[in-house]
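A short write-up of the structure that comes next.
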Amino acid sequence: MNSLKIGISGVRGVVGETFTPELVVGFAQAFGTYLDSGRILVCRDARTSGPMARAAALAGLLAAGCEVFDLGICPTPSLQLAVKWMSADGGISITAGHNPEPWNALKFVRGDGLYLNATQADELLDIFHQAEFAKATWERIQSKVEERDAVTHHLEILARAFDTEAIRARHLTVAVDCCNSSCSLLSPRWLRELGCEVLAVNDDPAAPFPHAPEPRRQTMAQLRAVVCAGHADIGFAHDADGERLGIVTESGEILPEEATLAACAEIQLTRESGAVVTNVSTSSAIEQVAARHGASVVRTPVGQAYVSEAMIENRAVIGGEGSGGVIVPRVQLTHDSAAAVGLILEHLARTGECISELAARLPRLSMIKHNVPVEPNRIYSLLQRVYDGLEREGVEYDQTDGIKIARPGGWVHIRVSNTESMIRVIAEAATPQQAQELLDQARDMLGK
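Take the sequence shown: its letters are residues -11 to 436, numbered as in the numbering used here.
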């Protein structure tokens, strides 16, 4: 199966198969051309292919005549804040985020710190395919790549955004799993600045990933053990580049990944009313939380760029995706797990409640997610099969992103993955049995 994926989430693939130095150089040159050979920042996560990809990206950008700053290993949200801080024209984050370590990717950031939108991503892809790159002559190529510390700047922004004094006064004990990646350089420092006793695990970016870099129930058993053994008030799990956040309560309950955004929405809507923005795959718990506070919910296609732009358009007070990504506007309009940590700890400090009490107020729905690996040339024919079946039956469906079908007591969503060659099927209902029935129906429609 072709493991290269190009789309609004950037370009990603398996290292040594489809994600090659030649590919990285070409896309870096294309991005440098797209930004008129301007000032571009580069960062990476801690996966073993990072140095190779970094060298290739720097070569492509320099060849296009760009002024390049290397931020080293640092979270993607740190780079996004640094783009504005340094008046850069854009940035490249070398990270496959939640994907396993064999994968790597390039994520492209524009001058306002947001990811390229769909139109801009298509323009970049056209430049790549046409291979008509800016080519600096010998005297115009920059003779050095300067380094900058984006993490310290990120910490300064976070400290101004939250009530740090209240958090320090609570003297919280916090366990954190950094997955031996870029948040190792940010999250423990942020927690210590907040006066927390920090129980950090997997915080060595020189070590291999201890588990898949996706904060889900299957990868958070060690964090749960640390929370319980250390009598922590809360546990946090990060992905490889600081966008997604998982939560363990003080009682040792691993919250579903969908609960991260729901919890942050409950916190923020208690403080101020306004729109909540999320994608069409995120749990309907968001609507229930919003309704409690008289707030509206805006749904977008899956992808952080769509959510960010809809937040601007709707002046939203909170946003994110059910994967654990949260957007806290007072920090920035992109997923930022450190900002989500600040929001949650500020709430615990101001209210004096435990994270389990907050979790108990959240709606409890059953969601099942199923991935169907498919050859790229067969994906859309399978989706067409579903469309045809629904049309024959006269069933109404939402086409915001793929096919979302409302059923009695729940819904099922079938869509093409933005990051891998597969079809994602998500079903949600009041009970696990109902959710499984909806998922089975969707698999029957796909013939999978």
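Beta carbons are placed, not taken as given, at the ideal position from N, Cα and C, and that holds for glycine.
State whether the stretch 195 to 202 contacts the stretch 246 to 260, with contact taken as three or more CB pairs (one from each stretch) at a distance under 8 Å.
-> no
Could you name the residues of the same chain whose beta carbon sits closer than 7 Å to that of LYS392, not counting the 5 residues immediately before and after it, in chain order?
-> For this step, residue 392 is matched to residue 404 along the sequence shown. Cβ neighbours of LYS392 beyond the five flanking positions: VAL268, TYR385, ASP386, TRP399, HIS401.
What residue from ARG98, CYS342, PHE116, HIS323 has the CA that sits closest to LEU23's CA?
-> Along the sequence shown, read from residue 1 onward, the residue named residue 23 stands at position 35. The option with the nearest alpha carbon to LEU23 is ARG98.
Where does THR21 land, buried or exposed, given buried means 16+ other C-beta within 10 angstroms?
-> As a working note, residue 21 is residue 33 in the sequence shown. The residue is buried, with at least 16 neighbouring Cβ atoms inside 10 Å.
Indicate the three-state DSSP secondary structure (helix, strand or coil) for GLY(-2) in the structure shown.
-> For the purposes of this step, residue -2 is taken as residue 10 along the sequence shown, with counting starting at 1. Strand.
Do you know how far the Cα of ARG412 is from the Cα of ILE(-4)?
-> Start at 1 with the first residue of the sequence shown, and residue -4 comes out as number 8. Start at 1 with the first residue of the sequence shown, and residue 412 comes out as number 424. One C-alpha to the other measures close to 17 Å.
Which ranges would you report for the beta strand (DSSP E) in the stretch 72 to 133 if only whole runs of at least 3 residues count?
-> 78 to 82, 91 to 98
Report the rounded CA-to-CA distance for ILE274 versus GLY262, giving the unit in angstroms.
-> Translated into positions along the sequence shown, residue 274 becomes position 286. Translated into positions along the sequence shown, residue 262 becomes position 274. Going from the Cα of ILE274 to the Cα of GLY262 covers about 13 Å.
Residue nearest to GLU238 in terms of C-alpha spacing, selected from ARG373, GLU134, LEU160 = Residue 238 sits at position 250 when you count from the first residue of the sequence shown. It is LEU160.
Helix, strand or coil for ASN365, going by three-state DSSP, please let me know.
-> Translated into the one-based positions of the sequence shown, residue 365 becomes position 377. Residue state, collapsed to three classes: helix.
Hey, could you find the ends of the alpha helix (DSSP H) ILE255 is sitting in?
-> For the purposes of this step, residue 255 is taken as residue 267 along the sequence shown, with counting starting at 1. Start and end: 246 to 259.
Kindly indicate the opening and closing residues of the beta strand (DSSP E) around PHE150.
-> Residue 150 sits at position 162 when you count from the first residue of the sequence shown. Looking at the DSSP string, PHE150 is not in any beta strand (DSSP E), and its letter there is neither H nor E.
ASP229 beta carbon less than 8 Å from that of PRO63 = Start at 1 with the first residue of the sequence shown, and residue 63 comes out as number 75. Start at 1 with the first residue of the sequence shown, and residue 229 comes out as number 241. Yes; because the gap between Cβ atoms is below 8 Å, this pair is in contact.
How would you label VAL285, buried or exposed, when you count the other beta carbons within 10 angstroms and need 16 or more for buried?
-> As a position in the sequence shown, residue 285 is number 297, starting the count at 1. Buried: at least 16 other Cβ atoms inside 10 Å.
Among residues of its own chain, excluding the 5 on either side of ARG349, which ones have a beta-carbon nearer than 8 Å to its beta-carbon?
-> As a working note, residue 349 is residue 361 in the sequence shown. If we look at ARG349 and ignore the five residues flanking it on each side, its Cβ neighbours are GLU254.
GLU134: buried (16+ other C-beta within 10 angstroms of its C-beta) or exposed?
-> Counting from 1 along the sequence shown, the entry for residue 134 is found at position 146. With fewer than 16 other Cβ atoms within 10 Å, it is exposed.
Selection from MET433, ARG303, GLY310 that minimises the alpha carbon distance to PRO438 | One cannot answer for residue 438 here, as it falls past the ends of the chain, which runs -11 to 436.
What is the C-beta distance between GLN17 and GLY48, in whole angstroms, given that I count them as a contact (C-beta under 8 Å)?
-> Locating residue 17 in the sequence shown gives position 29, counting from the first residue. Locating residue 48 in the sequence shown gives position 60, counting from the first residue. Confirmed, about 4 Å.
Run through the stretch 16 to 58 for me and flag every whole beta strand (DSSP E) of 3 or more residues, listed as ranges in chain order.
-> 27 to 32
Compute the Euclidean distance between the alpha carbons of VAL374 and VAL162, then round it to the nearest angstrom.
-> In the sequence shown, residue 374 corresponds to position 386, counting from 1. In the sequence shown, residue 162 corresponds to position 174, counting from 1. Between VAL374 and VAL162, the C-alpha separation is close to 46 Å.
Cβ of LYS491 within 8 Å of Cβ of ALA51?
-> Residue 491 lies beyond the residue range present for the chain, which begins at -11 and ends at 436; the question has no answer from this structure.
Please go through the same chain and pick out, in chain order, the residues whose beta-carbon is closer than 6 Å to the beta-carbon of VAL12, but skip the five residues on each side of it.
-> In the sequence shown, residue 12 corresponds to position 24, counting from 1. These residues qualify, in order along the chain: ALA41, ALA44, ALA45.
What whole-angstrom Cβ distance do HIS226 and CYS166 have, given they're in contact under 8 Å?
-> On the sequence shown, residue 226 is found 238 positions in, with the first residue counted as 1. On the sequence shown, residue 166 is found 178 positions in, with the first residue counted as 1. Their Cβ separation, rounded to whole angstroms, is 5 Å, which keeps HIS226 and CYS166 in contact under 8 Å.
Between which two residues does the beta strand (DSSP E) harbouring ASP432 extend?
-> Translated into positions along the sequence shown, residue 432 becomes position 444. That residue, ASP432, is in no beta strand (DSSP E); its alpha helix (DSSP H) goes 420 to 434.
Can you give the Cα-Cα distance for GLY218 and VAL189, rounded to whole angstroms?
-> Walking along the sequence shown from the start, residue 218 turns up at place 230. Walking along the sequence shown from the start, residue 189 turns up at place 201. Rounded to whole angstroms, GLY218 to VAL189 spans 12 Å at the Cα level.
First and last residue of the uninterrupted beta strand (DSSP E) at LEU243 | Position 255 of the sequence shown, counting from 1, holds the residue named residue 243. Where LEU243 is concerned, there is no enclosing beta strand (DSSP E), given that its DSSP letter is neither H nor E.
Cβ separation of ALA328 and LEU233, assumed to be a contact under 8 Å, to the nearest whole Å | Within the sequence shown, residue 328 is the residue found at index 340, counting from 1. Within the sequence shown, residue 233 is the residue found at index 245, counting from 1. Sure, about 5 Å apart at Cβ, within 8 Å.
In chain order, what residues of the same chain have a beta carbon less than 6 Å from the beta carbon of GLY4, not counting five sequence neighbours either side?
-> Within the sequence shown, the letter at position 16 stands for residue 4. Answer for GLY4: no residue qualifies.
For GLU416, count neighbouring C-beta atoms within 10 Å of its own C-beta (all shown protein chains included) and say buried if the count is 16 or more, exposed if not.
-> Residue mapping note: residue 416 aligns to position 428 of the sequence shown, counting from 1. Buried is the call here.
Considering only residues of the stretch 342 to 414, which uninterrupted alpha helix (DSSP H) runs meet the minimum length of 4 residues and lie entirely inside it, listed in chain order?
-> 343 to 348, 367 to 381
Taking DSSP as the reference, what is the three-state secondary structure of ALA417?
-> If you number the sequence shown from 1, residue 417 lands on position 429. ALA417 falls in the strand class under three-state DSSP.
Per-residue burial, ILE222 [other beta carbons within 10 Å of its own, 16 or more giving buried] = Your numbering for residue 222 matches position 234 in the sequence shown. Classification for ILE222: buried.
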